[in-house]
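Novice:
In the UniProt record's numbering, the protein residues as written are 1 to 815.
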């Protein structure tokens, strides 16, 4: 077949010696350039070929694209993606806002379809927040293709932006109100006619009047069925198209069956009509969904509101303003007193005080010296300062917090996965039971068979079951954020309830980690300045709190070579041709030099030339943290690589049960593995040497000021330095577990109670729909109690832990 000489997309002449072609409407079509070919192929792949069938004129090059696809194609632009996509090697990740997700079946449908798509690494959908985390291999597929695939399923997806999602929420609420209003007005009118029909309050009605009332009822019920109930049909159609059974399938079947039966009865003037049931079903279902959406919105708003703390505009040093999303690394901006910091960066010109309560939950302002980091969304105190931007908006601390919260909420604990599976199969069981119920009553009491079947279909929809766990997890994660705690793994809340042994690191965890040099002792002909420069050069290759104490003495002219970092012991390197070592007594010192507390040793060519004595105060919250754990009957262990002479006083002062000191990372992990299996461990640490132990513990917490390696190995991150927040987090986890169990008990109990009553014909259709809507609202409202900040203290004693309280003896692993 000969292809057209002009471009099928834009109409321009096709250059000679080109081979741009796309098959459209089952025929190969010539394209003039790669741009037209790309756009046309995207249109075809997105199932929008009808655009070419019904268009009235050719496209203007690449610009005239269907509105539905224009935004999707733009999302492949690297500059556009820079605002919301996170990249690591070839893997890209984006947080999406979803429209049309109403239940766990919707989430399951999207996850199942998208996980089978070429290039998709993973996708996790959160039904409570209507967001999804999508990761894909950018060498295998494009973001526009993935968004298009989601659109094909009947859901709208776009990169998450707090303001746009809020607009989408209010738009959806307005549409629900329109549908709800029409259903409510129709219900009132149809119910008045139904009273006249069924109770014959006006005496014996003539058949003509009865038929007239039915016609009027039909007129009122039709817009309810065709417009107000549309969301239920769309959700049901998505499910059936994907060959699964969603929550709205039985509801849609009930409404359509009732309308068709009533329509036939109206025009044949025989049998019963159910127009009032149709209107009431729809009204109460919409009312329940409306209230449920508002409640779930409250649970989802917490993390989204964090992003709103970042201002839209930033003021440059010259006074001009630019959008925050256009800031680049190295840009300098002026932050006025009382303003929100626009980006993560460094204080350039002076010491300032910053309110970081949105990160840590602590209201006291934090002093930030020149060169120290401030975070986007925090509030500047009383002095204007200059900020040097350290990262782009999508890589900021606040963006990472929202991402981590989304990850924690989107990954489901085992109990939620089981509930979702039960809910899916439960719909199939309900359809089967409804059919059997109809057949039974049709044989024994035909006049009641239809409405009894309707009651069974509607009353037992397992919406509450699918909401029982996600809403509680979402609320709990948001509340943890108020404590300054980020959850990274889905099992954190479950495991936190079972903890009976807490293992803590010393430096930077129980102590402040703000180490300062208090004394320097020199041996030989070296000067203080020389040994400090050598020590600083070696320590510049370490990421331990002790290394920070040497940074002020770093001299770029004295660079160390052949650096070897012996984690937990010290460092070796070559400076000016001399072999240098710095670290612990056992790593550096000769036998004739006595060991001293809080001391670092420096040797040059195997000869000790200096010792550095440092101080590291214990955190104010450490005492209360350890005492609170003791009151809960939880065993405590201090596990540190520091020597016994440094660790022993800390353990004794805080009253820690067991001390294990002088161990390297492998030794820490070995200690963890040596524990009895009955002990559920929580590890708290901050250093790179804690990473293996953090990864190996049942549950791990990294201090916010710790290394990236430690935080990436941990299940939770504590942003501030208040260790006692972990005790509050445990109490919240126990309350969350309790509420999840209450939700599951209520939803399962309701369905098991209402099912036999409905099958027996003891539940009227309007009672069925009220009961189903009420059960969902009760579950969501019960979960919202976790967001209560003004209730009783979360500190609770665990009687079960008291019974198993154990205080181990003090153990020292020699230095």
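The beta-carbon is built from N, C-alpha and C at its ideal position, and this holds for glycine as well.
Which term fits residue 510, buried or exposed, when burial requires 16 or more other beta carbons within 10 angstroms of its beta carbon?
Specialist: By one-based count along the chain shown, residue 510 stands at place 510. Buried, because 16 or more other Cβ atoms sit within 10 Å of the Cβ of residue 510.
Novice: Is the segment 598 to 614 touching the segment 514 to 525 in the sense that three or more CB pairs, one from each, lie closer than 8 Å?
Specialist: They touch, by the three-pair rule.
Novice: For chain B, find out if any of its Cβ atoms is closer than 7 Å to the Cβ of residue 552; answer yes or no.
Specialist: Of the protein chains in this structure there is only one, and it is not chain B.
Novice: Could you tell me the distance, in whole angstroms, from the CA atom of residue 284 to the CA atom of residue 268?
Specialist: For the purposes of this step, residue 284 is taken as the residue at position 284 of the chain shown. For the purposes of this step, residue 268 is taken as the residue at position 268 of the chain shown. Those two C-alpha atoms are separated by around 29 Å.
Novice: Would you kindly report the start and end of the unbroken beta strand (DSSP E) that includes residue 505?
Specialist: The residue you call residue 505 lines up with position 505 of the chain shown. That residue, residue 505, is in no beta strand (DSSP E); it is neither H nor E in DSSP.
Novice: Beta-carbon within less than 8 Å of residue 664's beta-carbon, same chain only, minus the 5 sequence neighbours each way: which residues are those?
Specialist: Taking the first residue of the chain shown as 1, we reach residue 664 at position 664. Result list for residue 664: 567, 568, 569, 641, 689, in chain order.
Novice: Cα separation between residue 398 and residue 377?
Specialist: Start at 1 with the first residue of the chain shown, and residue 398 comes out as number 398. Start at 1 with the first residue of the chain shown, and residue 377 comes out as number 377. Cα-Cα distance, rounded: 7 Å.
Novice: Going by DSSP, what residues sit across from residue 390 in a beta bridge?
Specialist: In the chain shown, the residue the question calls residue 390 occupies position 390. Per DSSP, none; premise fails for residue 390.
Novice: Please name the residue, chosen from 15, 30, 368, 14, that lies closest to residue 21 on a Cα-to-Cα basis.
Specialist: Translated into the one-based positions of the chain shown, residue 21 becomes position 21. For residue 21, the nearest C-alpha among the options comes from 30.
Novice: What's the C-alpha gap between residue 124 and residue 330?
Specialist: For this step, residue 124 is matched to residue 124 along the chain shown. For this step, residue 330 is matched to residue 330 along the chain shown. Whole-angstrom Cα-Cα distance: 35 Å.
Novice: In terms of residue numbering, what span does the alpha helix (DSSP H) encompassing residue 446 cover?
Specialist: Walking along the chain shown from the start, residue 446 turns up at place 446. That run of the alpha helix (DSSP H) goes 446 to 459.
Novice: Leaving out the 5 sequence neighbours to the left and right, which residues in its chain are closer than 7 Å to residue 273 when beta-carbon positions are compared?
Specialist: For the purposes of this step, residue 273 is identified with residue 273 of the chain shown, where counting begins at 1. Counting only Cβ-Cβ distances below 7 Å, and skipping sequence neighbours, we find 214, 217, 262, 265, 266.
Novice: Go through its chain and collect everything with a Cβ distance to residue 332's Cβ below 8 Å, but skip five positions before and after it.
Specialist: Start at 1 with the first residue of the chain shown, and residue 332 comes out as number 332. 316, 317, 348, 386, 387, 388, 389, listed in sequence order.
Novice: Quick one: is residue 418 buried, meaning 16 or more other Cβ sit within 10 Å of its Cβ, or exposed?
Specialist: The residue given as residue 418 occupies position 418 in the chain shown. Answer is exposed; the Cβ neighbour count stays below 16.
Novice: From the DSSP secondary-structure annotation, give me the bridge partner or partners of residue 136.
Specialist: Taking the chain shown and counting its residues from 1, the one referred to as residue 136 is at position 136. 92, 120.
Novice: Evaluate residue 672 with the Cβ neighbour count: other Cβ atoms within 10 Å of its Cβ, from every protein chain shown; 16 or more gives buried, anything less gives exposed.
Specialist: Locating residue 672 in the chain shown gives position 672, where the first residue counts as 1. So residue 672 ends up on the buried side.
Novice: My output table needs one value for residue 153: the three-state DSSP class, helix, strand or coil.
Specialist: As a position in the chain shown, residue 153 is number 153, starting the count at 1. Looking at residue 153 - three-state DSSP - the assignment turns out to be coil, as it is neither helix nor strand.
Novice: Can we say the segment 529 to 548 touches the segment 486 to 501, given the rule of at least three CB pairs closer than 8 Å?
Specialist: Short answer: they don't touch.
Novice: Is the distance from the Cβ of residue 194 to the Cβ of residue 228 below 7 Å?
Specialist: Within the chain shown, the letter at position 194 stands for residue 194. Within the chain shown, the letter at position 228 stands for residue 228. No, Cβ-Cβ distance for residue 194 and residue 228 is not below 7 Å.
Novice: Out of 279, 426, 120, 471, which one is the CA nearest neighbour of residue 249?
Specialist: Translated into the one-based positions of the chain shown, residue 249 becomes position 249. Checked all of 279, 426, 120, 471; the closest Cα to residue 249 is 426.
Novice: Could you round the C-beta distance between residue 605 and residue 579 to whole angstroms and report it? I think they count as a contact, below 8 Å.
Specialist: Position 605 of the chain shown, counting from 1, holds the residue named residue 605. Position 579 of the chain shown, counting from 1, holds the residue named residue 579. Correct: roughly 6 Å between the Cβ atoms.
Novice: Nearest-angstrom Cα distance between residue 589 and residue 141?
Specialist: Numbered from 1 along the chain shown, position 589 holds the residue referred to as residue 589. Numbered from 1 along the chain shown, position 141 holds the residue referred to as residue 141. Distance between the alpha carbons of residue 589 and residue 141 is about 58 Å.
Novice: Identify, in the order they occur along the chain, each residue of the same chain with its Cβ nearer than 6 Å to the Cβ of residue 693, setting aside the five sequence neighbours on each side.
Specialist: The residue given as residue 693 occupies position 693 in the chain shown. Excluding sequence neighbours, residue 693 sits near 668, 669, 672, 683.
Novice: Anyone know if the C-beta pair for residue 697 and residue 480 falls short of 7 Å?
Specialist: If you number the chain shown from 1, residue 697 lands on position 697. If you number the chain shown from 1, residue 480 lands on position 480. Taking 7 Å as the Cβ cut-off, residue 697 and residue 480 do not qualify as a contacting pair.
Novice: Are residue 247 and residue 33 closer than 7 Å when you measure CB to CB?
Specialist: Here residue 247 corresponds to residue number 247 of the chain shown, with the count starting at 1. Here residue 33 corresponds to residue number 33 of the chain shown, with the count starting at 1. Contact: no.
Novice: Ignore the nearest five residues each way along the sequence and tell me which others in residue 259's own chain have a CB closer than 6 Å to its CB.
Specialist: Locating residue 259 in the chain shown gives position 259, counting from the first residue. Answer for residue 259: 225, 278, listed in chain order.
Novice: Determine the closest residue to residue 675 out of 771, 500, 719, 599, with distance taken between C-alpha atoms.
Specialist: Counting from 1 along the chain shown, the entry for residue 675 is found at position 675. It is 500.
Novice: For the beta strand (DSSP E) that residue 649 lies in, which residues bound it at each end?
Specialist: Sequence index remark: in the chain shown, residue 649 carries index 649 (1-based). Careful: residue 649 lies outside any beta strand (DSSP E), inside the alpha helix (DSSP H) at 644 to 654.
Novice: So what's residue 816 in DSSP terms, helix, strand or just coil?
Specialist: Here the chain has residues from 1 to 815 only, and residue 816 is not among them.
Novice: Tell me which residues share the same chain as residue 737 and place their Cβ nearer than 8 Å to its Cβ, disregarding the 5 neighbours each side in the sequence.
Specialist: Sequence index remark: in the chain shown, residue 737 carries index 737 (1-based). Excluding positions up to five away in sequence, the list reads 493, 494, 497.
Novice: To the nearest angstrom, how far is the alpha carbon of residue 368 from that of residue 112?
Specialist: Position 368 of the chain shown, counted from the start, is the residue given in the question as residue 368. Position 112 of the chain shown, counted from the start, is the residue given in the question as residue 112. If you take the alpha carbons of residue 368 and residue 112, they lie about 48 Å apart.
Novice: Mark residue 762 as exposed unless 16 or more other C-beta atoms lie within 10 angstroms of its C-beta, in which case mark it buried.
Specialist: By 1-based counting over the chain shown, the position of residue 762 is 762. Residue 762 should be labelled exposed.
Novice: Looking at the structure shown, is residue 373 part of a helix, part of a strand, or coil, going by DSSP?
Specialist: Against the chain shown, residue 373 aligns to sequence position 373. Correct three-state label for residue 373: strand.
Novice: Distance check for residue 660 and residue 808, CA to CA, integer angstroms please.
Specialist: As a working note, residue 808 is residue 808 in the chain shown. As a working note, residue 660 is residue 660 in the chain shown. Because the pLDDT of residue 808 is 35, which lies under 50, any placement of that residue in the model is unreliable, and the number read from its coordinates should be weighed accordingly. Near 12 Å, if we compare the C-alpha coordinates of residue 660 and residue 808.
Novice: Pull up the distance between the alpha-carbon of residue 680 and that of residue 716, whole angstroms please.
Specialist: What you label residue 680 is simply residue 680 of the chain shown in a count that begins at 1. What you label residue 716 is simply residue 716 of the chain shown in a count that begins at 1. Answer to the nearest angstrom: the Cα atoms are 16 Å apart.
Novice: Do residue 723 and residue 476 count as a contact pair if the criterion is CB distance below 7 Å?
Specialist: Start at 1 with the first residue of the chain shown, and residue 476 comes out as number 476. Start at 1 with the first residue of the chain shown, and residue 723 comes out as number 723. For residue 476 and residue 723, no; Cβs fall outside 7 Å.
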